[in-house]
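Visitor: Let me begin by handing over the structure; questions about it come next.
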RNA sequence: UCCUCGGUAGCUCAAUGGUAGAGCAUGCGGCUGUUAACCGCAGGGUUGUAGGUUCGAGUCCUACCCGGGGAGCCA
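In the numbering used here, the protein residues as written are 35 to 533.
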């Protein structure tokens, strides 16, 4: 009998097939056992009917536990009630391995509990959807660049020089010589662009920042295109095209996964060219403006209304809890968890709003935007916004100056909508030898370590640009997740190195 | 490093300073179409740790440990 995967069951309606997988959930009625089986490609309900099944199969079905491994033979039948439209009528069931006391039960769990069991958590439905979308995004990125003649090339992970100070780098011992894990492949990317014209790197990046927020990992994956003969405008257009492609591919190919996650797709449908492009100087004006203050006030009153309604609901639920039936209690418990989590979130935001308001109102030209400023900017628009031409003082030494205003660097950041924050940072690179030499001296960087980089400006220097896209933040945005820790199979962050 | 919230059964959470409870999970029983199935019964606790206040502390105070998310920094 043919062994198939769950995602290919539909064409086999009316046929007998075998599937192999793990028990995701089990329900029983008299003479019937309903098994929800998972094989990594999808879920399917398998029905064991005592009067049809062999005696061994029935006994096995009755005693199956969550995550036990099984091989199941039966007929594929159409059933409109099921997700995917099919279920299996089981004729034979073989137990491959019996799992005992699987810790992640079909109910709500806390973050710490799940993170300690990340190796098992990955089996659950939400994680299935997220990892498949991550894969979809990775493939979109490769297709996008490959179709346009970019060469995928790899920057080294072990590096000798600290590009922007050693405080955010993980240091290691390289046979007695200090070395670091890379925090960006950009400088090597520039080398490769001068050799191959248009390239992109796709690799891991490490930051020893002691950040404990929903946007930070210490190890994350970054995509860094670097293009010879590209100026800032061409660079921004490339970033726009890339993000549009990612959003559209996700809508086209990951609708099931997005639905599992409850992602509002309208937010992704509005990701279309042209994005909003705003200069840093205009962005500062916008932050200072009444428009931003009004936005905050509106948001604040909306939250206060929601807070009052939730508190009312909580009081009402707790007053009826005593008389409630068991199933109703269970529902009330689940709702209470939701209400409390949302109330915590609202309390946190309401506490922050006065700080956000004053920091936006009094933001002075010359500083770099904080997380709250970026969030506020992105709330003004329904699609990604590109902020360009930052003060040179807050940007990296290798950025080209704006020929029209020497105080500005030709840098750009792309902020994802809905407050997901910065997902792209990049710009046009300095291509003048003397300027770069002066910058290296000004930033007190070790000149010797940059000689190879300076060679690019000695031998056929041309205008060139590039940017870095953070994969996990992008996945987080597309999936509508409130934290990046679920966007990578094994997150590495402050206080988390296992499993 | 700072700010802030939290730690109660295997899990998720309740509990005016006054006898520690519920749901899920587990075990047993019931139900022939369940969708986190449902219904009944049972077992399950050094309330993070160490002190203190009190007739009495899960609850109040102090210190420490662990975790959440925010600031700084950043993708």
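Built from N, CA and C at the ideal position, the CB exists for glycine as well. Note that the coordinates shown come from a computational prediction; the quantities given were computed from them, not determined experimentally.
1. From the DSSP output, in three-state form, read off residue 309 for me.
2. Excluding five sequence neighbours on each side, which residues of the same chain lie with their C-beta closer than 6 angstroms to the C-beta of residue 125?
3. Candidates 359, 209, 100 and 233: which alpha carbon is nearest residue 192's?
4. What residue range does the beta strand (DSSP E) around residue 536 cover?
5. On the DSSP letters alone, give me the boundaries of the alpha helix (DSSP H) that residue 538 sits inside.
6. Alpha carbon to alpha carbon, how far is residue 194 from residue 478?
7. Tell me which residue opens and which closes the beta strand (DSSP E) that residue 56 is part of.
8. What residue does the alpha helix (DSSP H) around residue 526 start on, and which one ends it?
9. Can you tell me whether residue 511 is helix, strand or coil according to DSSP?
10. From which residue to which residue does the beta strand (DSSP E) around residue 79 run?
11. So what's residue 165 in DSSP terms, helix, strand or just coil?
12. Use the C-beta contact count for residue 55: other C-beta atoms within 10 angstroms, 16 or more gives buried, fewer gives exposed.
13. Just curious, the alpha helix (DSSP H) that residue 486 is in, first and last residue?
14. Let me check understanding here. Comparing Cα to Cα, which of 129, 440, 449 and 391 lies closest to residue 417?
15. Is residue 145 buried or exposed, if buried means 16 or more other CB atoms sit within 10 Å of its CB?
16. Along the chain, which unbroken stretches of the alpha helix (DSSP H) at least 4 residues long are found entirely within the segment 101-184?
17. Output needed for residue 404: all residues of its chain with C-beta closer than 8 angstroms, excluding positions within five of it in sequence on either side, in chain order.
18. Do you know how far the Cα of residue 99 is from the Cα of residue 415?
19. Go through its chain and collect everything with a Cβ distance to residue 128's Cβ below 6 angstroms, but skip five positions before and after it.
20. Can you find at least 3 beta carbon pairs, one from the segment 134-145 and one from the segment 162-172, that sit closer than 8 angstroms?
21. Under 8 angstroms by Cβ, that's how I've got residue 232 and residue 185 pegged, so tell me the actual separation to the nearest angstrom.
22. In the DSSP assignment, find the unbroken alpha helix (DSSP H) run with residue 405 in it and report its ends.
23. Compare the Cα-Cα distances from residue 141 to each of 130, 498 and 155 and report the closest residue.
24. Residue 464: which of 234, 217 and 262 sits nearest, CA to CA?
25. Compare the Cα-Cα distances from residue 269 to each of 501, 84, 347 and 515 and report the closest residue.
26. Note down, in chain order, each residue of its chain lying with its Cβ closer than 8 angstroms to the Cβ of residue 355, except the 5 sequence neighbours on either side.
Guide: Quick look at the numbers:
1. Of the three classes helix, strand and coil, the one that applies to residue 309 here is coil, per DSSP.
2. Within the same chain, residue 125 has close Cβ partners 107 and 108.
3. Closest in C-alpha terms to residue 192, from the list 359, 209, 100 and 233, comes 209.
4. Any answer about residue 536 is impossible in this case: the structure gives the chain only from 35 up to 533.
5. It is not possible to answer for residue 538, since the shown part of the chain is limited to 35 through 533.
6. The C-alpha of residue 478 is placed about 16 angstroms away from the C-alpha of residue 194.
7. Segment 50-63, the beta strand (DSSP E) holding residue 56.
8. Under the DSSP assignment, residue 526 falls outside any alpha helix (DSSP H); it carries neither an H nor an E label.
9. Reduced to three states, the DSSP call for residue 511 is helix.
10. Segment 77-83, the beta strand (DSSP E) holding residue 79.
11. DSSP places residue 165 in helix when its eight states are reduced to three.
12. Residue 55 should be labelled buried.
13. For residue 486, the enclosing alpha helix (DSSP H) starts and ends at 485-492.
14. Ranked by how close their Cα comes to the Cα of residue 417, the residues 129, 440, 449 and 391 have 449 in first place.
15. Of the other Cβ atoms in all chains shown, fewer than 16 fall within 10 Å of the Cβ of residue 145; this residue is therefore exposed.
16. Fully enclosed alpha helix (DSSP H) runs of 4 or longer: 145-150, 152-155 and 159-181.
17. Excluding the 5 residues flanking it on each side, residue 404 has same chain C-beta neighbours closer than 8 angstroms at 393, in chain order.
18. Between the alpha carbons of residue 415 and residue 99 lies a distance of about 49 angstroms.
19. Closer than 6 angstroms at Cβ, skipping near neighbours: 105.
20. Between the segment 134-145 and the segment 162-172 there are fewer than three inter-stretch CB-CB distances shorter than 8 angstroms, so the stretches are not counted as touching.
21. That pair is a contact at about 7 angstroms.
22. Residues 405-413.
23. When each option's Cα is compared against that of residue 141, the closest is 155.
24. If we check each option's Cα against that of residue 464, 262 comes out closest.
25. Considering only alpha carbons, the answer is 501.
26. Cβ-Cβ distances below 8 angstroms link residue 355 to 363 and 366 in the same chain, with the five nearest sequence neighbours on each side left out; the list follows chain order.
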